[in-house]
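Numbering (the UniProt record's numbering), first residue to last: 1 to 34.
Here it is as structure tokens:
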């Protein structure tokens, strides 16, 4: 399964919630981050 994750950031770092979403999505399959 492919998953699209929208990345929340502050132009310096990625937010913790985004990292958690990518980690969870990666367990389902391929992840694309925008």
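For each residue, glycine too, the CB sits at the ideal point set by N, CA and C.
request  = Measure the C-alpha to C-alpha separation of residue 24 and residue 11 and round it to an integer number of angstroms.
outcome  = 23 Å
Which residues bound the beta strand (DSSP E) around residue 4?
-> 3-5
According to DSSP, residues forming a beta bridge with residue 32
4
* In angstroms with no decimal places, state the Cα-to-Cα distance between residue 13 and residue 20. => 14 Å
* Asked: Within this structure, are the beta carbons of residue 9 and residue 15 separated by less than 9 Å?
  -> yes
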